[in-house]
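Enquirer: Dropping the structure in here first, questions after.
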Amino acid sequence: MPARPANDAFAAVCTRPRVNRYAIAGLAPVLAAALSLPAAVDRTAAARPSAVEAQAMWVDASNGMPRAPAPEPVIEPFAAVEGVQLVEPAPTPVLIGFHQANGPRPIALTPDVAAHQILPSRGRGTHATSAVDIVLPAAEPVRATVSGTVVAANRYALYGQTSDGLVEIVPHANPAIRVRLLHLAELQVTAGEHVVAGETVVAATARTLPFGSQIDTIVGQRLPHVHVEVVR
């Protein structure tokens, strides 16, 4: 008996290639992860701005407009002496006042900063710019005023009344002289160390003296100050 001809539609279904439904099910997690990847990347990028974007996020509170970060304060020279330039011990001095040194062998300094004062004579017989008091904000670290080698870092009795900190530096540019910094608290260097002008912290802060100082009368209040002088 001859075979009955198959229905065309039924034959088409029967002859279509079979697809493994288990294989498709296995691909589903992979496809889902691939589709979600761009969103995850976008979220990560949004959460972690670049360094350039972070700097641009400064906003002026007065108008809501972006502004650049404030520049780092610059430490400036304040005097020169025998081929050596002395720089400020901190970037924001309150006042720089030159005056007569009290010790032996002081060398006159040449002021190298416009904003300075020469204090009235103390009757000491030394040059009017043979020492300088540099008034600093409270708790301001004190940096080396010259690049060189520390030859002394110790405490002494100031006027025989109070314990004071002293650092003495021999400049690389002129080993024949010594730069002294007085009225220091919590010394951060020791003899033999090399220091860099304007960078190396030599003391945690300057001292506010327990008795009145001439520079206090000029400032109008008692603030920490560093005394600097140069000797042979």
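Heads up, this note's numbering is the position in the sequence shown plus 853, with the first residue counted as 1. Quick reminder that beta carbons are idealized off the backbone N, C-alpha and C, glycines included.
Starting from T1058, follow the beta strand (DSSP E) in both directions and report where the run begins and ends.
Expert: Counting from one through the sequence shown, the residue named residue 1058 turns up at place 205. Run containing T1058: 1054-1059, per the beta strand (DSSP E) assignment.
Enquirer: Would you grab the beta carbon distance between R1085 and A1029 for me? Rounded to a whole angstrom, and I think it's under 8 Å.
Expert: Stepping through the sequence shown from its first residue, residue 1085 is reached at position 232. Stepping through the sequence shown from its first residue, residue 1029 is reached at position 176. Correct: roughly 7 Å between the Cβ atoms.
Enquirer: Tell me the DSSP secondary structure of Q970 in three-state form.
Expert: In the sequence shown, residue 970 corresponds to position 117, counting from 1. If DSSP states are grouped into helix, strand and coil, Q970 belongs with the strands.
Enquirer: Within its chain, find whatever has a CB closer than 6 Å to the CB of Q938; leave out the 5 residues flanking it on each side and keep chain order.
Expert: Translated into positions along the sequence shown, residue 938 becomes position 85. Closer than 6 Å at the Cβ level, and outside the excluded window around Q938, lie P930.
Enquirer: Distance, Cα to Cα, P902 vs V927?
Expert: In the sequence shown, counting from the first residue as 1, residue 902 sits at position 49. In the sequence shown, counting from the first residue as 1, residue 927 sits at position 74. Legend: pLDDT at P902 = 47, less than 50; position of this residue unreliable, value from coordinates given subsequently. Between P902 and V927, the C-alpha separation is close to 29 Å.
Enquirer: Looking only at C-alpha atoms, which of L1076, T1070, P1063, V940 sits nearest to V999?
Expert: Within the sequence shown, residue 999 is the residue found at index 146, counting from 1. Considering only alpha carbons, the answer is V940.
Enquirer: Between G950 and V985, which are expected to be in contact by the criterion C-beta below 8 Å, what is the C-beta distance as a whole number of angstroms?
Expert: The residue you call residue 950 lines up with position 97 of the sequence shown. The residue you call residue 985 lines up with position 132 of the sequence shown. With a Cβ gap of about 7 Å, G950 and V985 count as contacting.
Enquirer: Going by DSSP in three states, T868 sits in which element: helix, strand or coil?
Expert: Position 15 of the sequence shown, counted from the first residue, corresponds to residue 868. Any answer about T868 is weak, because its pLDDT of 44 lies below 50 and its placement is not dependable; what the coordinates show is given next. In this structure, T868 counts as helix in the three-state DSSP scheme.
Enquirer: As a quick exercise: from P973, H980, L948, V1079, pick the residue whose alpha carbon is nearest that of A967.
Expert: What you label residue 967 is simply residue 114 of the sequence shown in a count that begins at 1. Considering only alpha carbons, the answer is L948.
Enquirer: Using three-state DSSP, classify D965 as helix, strand or coil.
Expert: Stepping through the sequence shown from its first residue, residue 965 is reached at position 112. It is coil, neither helix nor strand.
Enquirer: Where does T945 fall in DSSP's three states?
Expert: Position 92 of the sequence shown, counted from the start, is the residue given in the question as residue 945. T945 falls in the coil class under three-state DSSP.
Enquirer: In this structure, does DSSP put Q1067 in helix, strand or coil?
Expert: On the sequence shown, residue 1067 is found 214 positions in, with the first residue counted as 1. Note: Q1067 maps to helix in three-state DSSP.
Enquirer: Which residue's Cα is closest to the Cα of V1020: G1013, A1044, Y1012, L1011?
Expert: Here residue 1020 corresponds to residue number 167 of the sequence shown, with the count starting at 1. Among G1013, A1044, Y1012, L1011, the Cα nearest to that of V1020 is on A1044.
Enquirer: Based on Cα-Cα distance, which residue from L1040, A1050, G978 lies nearest to G1018?
Expert: As a first step, residue 1018 is located in the sequence shown; it is residue number 165 there, counting from the start. Measuring from the Cα of G1018, the nearest candidate turns out to be L1040.
Enquirer: Would you call the CB atoms of A932 and P964 closer than 8 Å?
Expert: Here residue 932 refers to the residue found at position 79 of the sequence shown. Here residue 964 refers to the residue found at position 111 of the sequence shown. Yes, these two residues count as a Cβ contact at 8 Å.
Enquirer: For P1063, count the other beta carbons within 10 Å of its own beta carbon; 16 or more makes it buried, fewer makes it exposed. Which is it?
Expert: By one-based count along the sequence shown, residue 1063 stands at place 210. P1063 should be labelled exposed.
Enquirer: Which term fits T816, buried or exposed, when burial requires 16 or more other beta carbons within 10 angstroms of its beta carbon?
Expert: There is no way to answer for residue 816, as the model of the chain reaches only from 854 to 1085.
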